[in-house]
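Below is one structure, written out as structure tokens; comments come after it.
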Amino acid sequence: MLVPMTKVHVIGHRRRLEPTVQALHRLSSIQLIDVSDDASVTMPPLAADDDQIHEIEEFRYLRARLDALLALTPERPSEDATEVDLSDLRAELESVAPEVEELAQSYEELKAELDTLPRHVQSLRRLLPLVPELTGLDGYDTAAVILDARHASALGTLNAALDELLSGNFEIISGQVDTDTVGAVVVTPRKAAAEVQALLGRQQVNRVRLPHQFESVPFRDAINMMERRLVELPVEMATVQDRITAIIRGHGQWVTARDQLVERLNQLAAIHHLGATPHTFVLSGWVPAPELENVRRQVAAVGGGEVIVELAPISDSDEPPILMENRAIAQPFEALVSLLSVPRYGSLDPTALMMVFMPLFFGMMLGDIMYGLILLVAAVIVRRRFAIRAPSAAELSKVFVLGAGWTIAWGVVYGEFLGDLGHRWFGLTPIWINREEAIKPLLLFSVVVGAAHIILGLLLGLWAASRRHDRKGLSTSLGSLLALIGLFLIVGVSVGQLPSGFMTPAVATVVVGTVLMMALEGPMGLITGPLEVMGLIGNVLSYLRIAAIGIASVYLARVANELGSLGPIWIGVIVAALFHALNLALGVFSPTVQALRLHYVEFFGKFYEGGGTAFVPFGAVERKD
Amino acid sequence: MELGLLAVGAGLAIGLAALATGYAQARIGSAGIGALAEKPELTGRVILLIAIPETLVILGFAVAAMIILLLGG
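Written out as structure tokens, the structure is:
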């Protein structure tokens, strides 16, 4: 059900503005309308004064600072419930933050070192075979270069250039280090270091640059030192992280302060939505009708007789926000409806219908006692485990609890337990349809289910169109309904289920229906009318997927059982379990998507009006993040 | 012989329809993912658009089932 909305104007004396805004914020059941967008308010918008602008800037700065600090540690300090004095916060942050920021920076440096060292070790290891012993080279520098084997000729150029610079007082030791890399170690006098540096920079070679503490160390020692460092680094990082965490954990009030800042910033932001004269303010907003009395009471409590809540007329240009209210069992389906589009205000909320049909279709497709039980257990576990960590996943698992229930029920109807295993083991027989053999009745059944679902959709469309006095919608829905009924009668006569006398009225019904669909479309109707009839047939046949996916899943389960019965028993069990797991994964994903599609395309297409905007109350919502 | 031809016909009916669906879904899917990268709130609409061509393969399935069940006896 969509909750009816009321539009209210909260009008009062300027000196009561602050407490009123705070009370409404706490209550969080009003969605503010910007007065400049509200034609029924003639007051000019209220501009924030200098103090407020200053306050907003200060609070934004503090919030950004706190966010940065709190993000440094994965665990949030336990919240300190007492109110924090925000005026002291800046001083406190300025005394503590530098230490934390310094620690954070050294953590980043350590992390960078940990990331780069393994690459240096690798490069040096590749070069090591070239220079078995390079000790006793006092007064000489070594530089290592690596280049692609295809460009090995660059070494010749380097040799020539060095020769020109140092007149032979140097050494290049080079060799293949692996299939497509050539390595070289260049030994040059230290006194010519600067010129050599510059020369190497100009050449087409890739110099191996080591962190400065390893630069003048022999390669083998450098590798050893680096490996020791690689062991030490994680320990150092953990120590730094612990110190950061300890400092932040000691400041539980920061979490509270952050929430307070967010709350206060929201309240200050609300000021821009208000209208005001020198002595009065007006605040315009949407309140769910059932909450109206509560809002009135709270405002009266803080207003001291100087603030009133007045009902405002809803004009045609207003678009009231949408708040869906359904029984707890249907609530998870609200998200699925909104996934397509939030319903338009004053239209029908299809959540309850979706709760009835979606799990039903899901169960009809999967239909297996054991799969249903496994899914039920999984859904219950997800619901328990993720209740706090991922509330939306927990909420969605309720959809699967219902789906699992129907899967078990249809499993009994089809007599399926892990495919045909129930039949093999304990002679389980279907109550009604054996999906492996009775394909024809199964197909027929899914078409009938589809027709019923679509007729329901058309009836709802008829009702919705008559409610908004939409003649075009009315004639289209009525025409579709007649055409569909006529088509079914024709099929009934042609397969010999109905006496042939029905043929004439059946054709007449289709014609009348088609004409109704064309009637108000103008000349285009001549094309769109027949197309829509074809579309209707397509819509009904689309429900064949219920049978098709079911059959596919049964055969896959059967394949699993057949494979499982080959070879030794233990291999058989593993193979069968793997195949059943695959089938279950497919069998959960695909019926979900298909059941959703049947709703979105075939069912909703007949009556649903989307395009609304969700109700976002002014208040505590943003506190969470 | 005739049964074999019926089977080939049924296979073609669903196979070609599946190819057509796959082709349509590939194009809609890539465009849809592109749209989602910019506007995640379109998820529902994109699922819907991707699902629409599936009607083709379902119709192919209907024809294949009719060939086998009605003509194949």
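Taken in sequence, the protein lines are chains A and B. The working numbering applies: residue 139 is where the first sequence begins, and numbers increase by one. The working numbering applies: residue 1276 is where the second sequence begins, and numbers increase by one. By construction, the Cβ of each residue, glycine as well, lies at the ideal position given by its N, Cα and C atoms. Computed from a predicted structure; not experimentally measured.
*Report buried or exposed for Ile1333 (chain B), applying the criterion of at least 16 other Cβ atoms within 10 angstroms of its Cβ.*
Working through the second sequence from its first residue, we reach residue 1333 (chain B) at position 58. Ile1333 (chain B) comes out buried.
_Please report the straight-line C-alpha distance between Leu1287 (chain B) and Glu1313 (chain B), rounded to a whole angstrom._
For the purposes of this step, residue 1287 (chain B) is taken as residue 12 along the second sequence, with counting starting at 1. For the purposes of this step, residue 1313 (chain B) is taken as residue 38 along the second sequence, with counting starting at 1. Between Leu1287 (chain B) and Glu1313 (chain B), the C-alpha separation is close to 39 Å.
*So which residues of chain A does Thr1318 (chain B) contact, with C-beta pairs closer than 7 Å?*
Your numbering for residue 1318 (chain B) matches position 43 in the second sequence. In chain order: Leu477.
*Comparing the C-beta of Ala1306 (chain B) with each C-beta of chain A, is any distance below 7 Å?*
Mapped onto the second sequence, residue 1306 (chain B) falls at position 31. So no, Ala1306 (chain B) is outside the interface.
*For Lys1314 (chain B), which of helix, strand or coil comes out of DSSP?*
As a working mapping, residue 1314 (chain B) is identified with position 39 in the second sequence. Reduced to three states, the DSSP call for Lys1314 (chain B) is coil.
*asked:* Counting only beta-carbon separations shorter than 7 Å, does Ala1337 (chain B) have a partner in chain A?
replied: Numbered from 1 along the second sequence, position 62 holds the residue referred to as residue 1337 (chain B). Closer than 7 Å to some Cβ of chain A, the Cβ of Ala1337 (chain B) qualifies, so yes.
*asked:* At a threshold of 6 Å, does Phe197 (chain A) count as lining the ligand COA (C-beta to nearest heavy atom)?
replied: What this structure holds is no ligand at all, so the ligand COA is not there to describe.
*Under 8 Å by Cβ, that's how I've got Val539 (chain A) and Ala525 (chain A) pegged, so tell me the actual separation to the nearest angstrom.*
Here residue 539 (chain A) refers to the residue found at position 401 when the first sequence is read from its first residue. Here residue 525 (chain A) refers to the residue found at position 387 when the first sequence is read from its first residue. Actually they are not in contact, since the Cβ atoms of Val539 (chain A) and Ala525 (chain A) sit about 14 Å apart, beyond 8 Å.
_Is there a Cβ of chain B sitting closer than 7 Å to that of Tyr738 (chain A), yes or no?_
Locating residue 738 (chain A) in the first sequence gives position 600, counting from the first residue. Chain B, which has a Cβ nearer than 7 Å to the Cβ of Tyr738 (chain A), makes this yes.
*From A:Glu237, A:Ala242, A:Gln405 and A:Gly676, pick the residue whose C-alpha is nearest to that of Leu162 (chain A); which is it?*
Here the question's residue 162 (chain A) lines up with position 24 in the first sequence. The option with the nearest alpha carbon to Leu162 (chain A) is A:Gln405.
*Would you mind sorting Lys145 (chain A) into buried or exposed? The rule is 16 or more other CB atoms within 10 Å of its CB.*
Locating residue 145 (chain A) in the first sequence gives position 7, where the first residue counts as 1. Under this definition Lys145 (chain A) is a buried residue.
*Would you list the one or two residues that DSSP bridges to Arg345 (chain A)?*
Taking the first sequence and counting its residues from 1, one reaches residue 345 (chain A) at position 207. Looking at the DSSP assignment, Arg345 (chain A) forms a beta bridge with A:Val283.
*Could you name the residues of chain A that Thr1330 (chain B) contacts, counting a contact when the two beta carbons are closer than 7 Å?*
The residue labelled residue 1330 (chain B) in the question sits at position 55 within the second sequence. By Cβ distance, chain A contributes Gly676 and Ser680.
*Per DSSP, the bridge partner or partners of Asp316 (chain A)*: Taking the first residue of the first sequence as 1, we reach residue 316 (chain A) at position 178. The partner list for Asp316 (chain A) (beta bridge, DSSP) reads A:Thr319.
*Anyone know if the C-beta pair for Leu619 (chain A) and Leu654 (chain A) falls short of 7 Å?*
The count along the first sequence starts at 1 and reaches residue 619 (chain A) at position 481. The count along the first sequence starts at 1 and reaches residue 654 (chain A) at position 516. No.
_Paired residues, beta bridge with Gly150 (chain A) - DSSP_ = Along the first sequence, read from residue 1 onward, the residue named residue 150 (chain A) stands at position 12. Paired residue(s): A:Phe419 and A:Val445.
*On the three-state DSSP scale, how would you describe Glu213 (chain A)?*
As a working note, residue 213 (chain A) is residue 75 in the first sequence. Three-state DSSP puts Glu213 (chain A) in coil, outside helix and strand.
*asked:* Output needed in chain order: residues of the stretch 716-735 of chain A with a Cβ under 9 Å from some Cβ in chain B.
replied: Val731, Gln732, Leu734 and Arg735
*Span of the beta strand (DSSP E), counted from its first residue to its last, around Gln169 (chain A)*: Working through the first sequence from its first residue, we reach residue 169 (chain A) at position 31. Run containing Gln169 (chain A): Gln169 to Ile171, per the beta strand (DSSP E) assignment.
*Could you name the residues of chain A that Leu1267 (chain B) contacts, counting a contact when the two beta carbons are closer than 8 Å?*
For chain B, the structure presents residues 1276 to 1348; residue 1267 (chain B) sits outside this window and is missing.
*Which whole-angstrom value describes the C-beta separation of Met503 (chain A) and Ile684 (chain A), a residue pair presumed to lie in contact below a C-beta threshold of 8 Å?*
Within the first sequence, numbered from 1, the residue matching residue 503 (chain A) stands at position 365. Within the first sequence, numbered from 1, the residue matching residue 684 (chain A) stands at position 546. Yes, they are in contact, since the Cβ atoms of Met503 (chain A) and Ile684 (chain A) sit about 6 Å apart, within 8 Å.
*Leu1334 (chain B) touches chain A at which residues, Cβ-Cβ below 9 Å?*
For the purposes of this step, residue 1334 (chain B) is identified with residue 59 of the second sequence, where counting begins at 1. Within chain A, the residues near Leu1334 (chain B) are Gly676, Leu679, Ser680 and Leu682.
_chain A contact for Leu1344 (chain B) (CB, 7 Å cutoff)_ = Position 69 of the second sequence, counted from the start, is the residue given in the question as residue 1344 (chain B). Yes, because at least one Cβ of chain A sits closer than 7 Å to the Cβ of Leu1344 (chain B).
*For Glu747 (chain A), which three-state DSSP category applies?*
Stepping through the first sequence from its first residue, residue 747 (chain A) is reached at position 609. Note: Glu747 (chain A) maps to coil in three-state DSSP.
_Is there a Cβ of chain B sitting closer than 7 Å to that of Leu627 (chain A), yes or no?_
Residue numbering aside, residue 627 (chain A) sits at position 489 when the first sequence is read from its first letter. No, because no Cβ of chain B sits closer than 7 Å to the Cβ of Leu627 (chain A).
_Can you list, in chain order, the residues of its chain with a C-beta nearer than 7 Å to that of Arg761 (chain A)? Leave out the 5 residues immediately preceding and following it._
The sequence position of residue 761 (chain A) within the first sequence is 623, counting from 1. Only weak support exists for where Arg761 (chain A) lies, its pLDDT of 43 falling under 50; the value from the coordinates is given anyway. Same-chain partners within the cutoff: Asp397, Val400 and Glu401.
*asked:* I need the straight-line Cα distance from Val378 (chain A) to Leu371 (chain A), nearest angstrom please.
replied: Within the first sequence, numbered from 1, the residue matching residue 378 (chain A) stands at position 240. Within the first sequence, numbered from 1, the residue matching residue 371 (chain A) stands at position 233. Going by the C-alpha atoms only, they are around 11 Å apart.
*Can the beta-carbon of Ile284 (chain A) be found closer than 7 Å to that of Gly321 (chain A)?*
Here residue 284 (chain A) refers to the residue found at position 146 when the first sequence is read from its first residue. Here residue 321 (chain A) refers to the residue found at position 183 when the first sequence is read from its first residue. Yes; because the gap between Cβ atoms is below 7 Å, this pair is in contact.
*Report yes if the C-beta distance between Leu348 (chain A) and Leu255 (chain A) is below 7 Å; otherwise report no.*
Your numbering for residue 348 (chain A) matches position 210 in the first sequence. Your numbering for residue 255 (chain A) matches position 117 in the first sequence. Cβ atoms of Leu348 (chain A) and Leu255 (chain A): not closer than 7 Å.
*Below 8 Å on the Cβ atoms is my guess for Ile311 (chain A) versus Leu268 (chain A); work out the distance and round it to an integer in Å.*
Mapped onto the first sequence, residue 311 (chain A) falls at position 173. Mapped onto the first sequence, residue 268 (chain A) falls at position 130. Rounded, the Cβ-Cβ distance is 5 Å, consistent with contact.
*Backbone secondary structure at Ile569 (chain A) - three-state DSSP*: Here residue 569 (chain A) is taken as the residue at index 431 of the first sequence, counted from 1. DSSP places Ile569 (chain A) in coil when its eight states are reduced to three.
*asked:* Short of 8 Å Cβ to Cβ, which residues in the stretch 1281-1304 of chain B face chain A?
replied: none
*May I ask you to verify whether the stretch 741-761 of chain A touches the stretch 469-489 of chain A, counting CB pairs closer than 8 Å and requiring at least 3?*
yes
*Select from the stretch 573-598 of chain A all residues with a C-beta closer than 8 Å to any C-beta belonging to chain B, and list them in chain order.*
Ile577, Lys578 and Leu581
_Please report the distance separating the alpha-carbon of Pro579 (chain A) from that of Pro142 (chain A)._
In the first sequence, counting from the first residue as 1, residue 579 (chain A) sits at position 441. In the first sequence, counting from the first residue as 1, residue 142 (chain A) sits at position 4. Each residue's alpha carbon lies about 45 Å from the other.
*asked:* Assuming contact is defined by CB atoms lying nearer than 7 Å, are Gly441 (chain A) and Arg154 (chain A) in contact in what I supplied?
replied: Within the first sequence, residue 441 (chain A) is the residue found at index 303, counting from 1. Within the first sequence, residue 154 (chain A) is the residue found at index 16, counting from 1. Contact flag set, yes.
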